[in-house]
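The opening position of the sequence shown corresponds to residue 1130 in the working numbering, with each subsequent residue numbered one higher.
Even glycine gets a Cβ: it sits at the ideal position worked out from N, Cα and C.
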Amino acid sequence: MTIDHGPGGHAAESVAVPGGFHPGGVNTPPFLKGTALALWNAKLRLQRIVLLLCSALLTVLIAVQVFTRYVMGISLFGIEELASFIAVYMYFIGAAHGAWERGHISASLVDLVFAEGRVRAGIALVANFITVVLSAWMSVWAWQYLAFTIKRGTMSLETGISMVWIHGIMPVGLSLMTLYFAVELLDNWSRFHRGAAQ
């Protein structure tokens, strides 16, 4: 855990992970200072709060459904739909936070085949570039899908909730992922050039 004291003495807190290129976080740009860094960290804290709330709500909803169905012999209408909507939020915000901390699972053999050096850094750079392009492409699709949902005025079948609230988290999560993947790409680009200069 690190504390960055910006102008005015306000503390901006973020998680430091070994291997990151900025003491404030794994995919936190090194040029962020003061207010910009505080806003970046506030965004991360908001993501963590959403994840915590979603996890708690999902646990409660599933527990209530299990109790009512298997103990009381009844099933509450709409509870499974609500649980699935909360899960969508948890998945997309969790994926974005995972992209920030570089916590996504990788099945790459590059680390086993190539030693630390320019070749390995170059392959990582290409992989990062492809990831950014695909993530950005999916983000555009998600924003278009949200626009389609708004135009159609789609509502959920059981609870009558506007699907804009559910589909809206998809482009937000994907856009955050694209942002974090782009920061990682810049980091690997910097490492690649530092390796070339040596």
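Between I1222 and L1180, the C-beta gap is smaller than 8 Å, which places the two residues in contact. Distance between N1156 and Y1309, taken at the CA atoms: about 6 Å.
One thing to note: F1206 has its Cβ no nearer than 8 Å to the Cβ of E1313. Residue range R1247 to R1281 is occupied by the alpha helix (DSSP H) that includes S1264. The alpha-carbon separation between I1215 and I1290 amounts to approximately 12 Å. C-alpha of R1198 to C-alpha of L1187: approximately 16 Å in a straight line.
The residue from M1284, T1278 and S1285 with its alpha-carbon nearest to that of M1299 is T1278. Out of N1257, G1282 and G1163, the CA that lies nearest to the CA of S1319 is found in N1257. L1254 places its beta carbon less than 8 Å from that of N1317. When C-alpha distances from M1219 are compared across T1307, A1311, P1159 and L1303, the shortest belongs to L1303. Pairing A1171 with V1217, the inter-Cα distance amounts to about 22 Å.
With fewer than 16 other Cβ atoms inside 10 Å of its own Cβ, L1182 counts as exposed.
In this structure, the alpha-carbon of M1292 lies about 19 Å from that of M1267.
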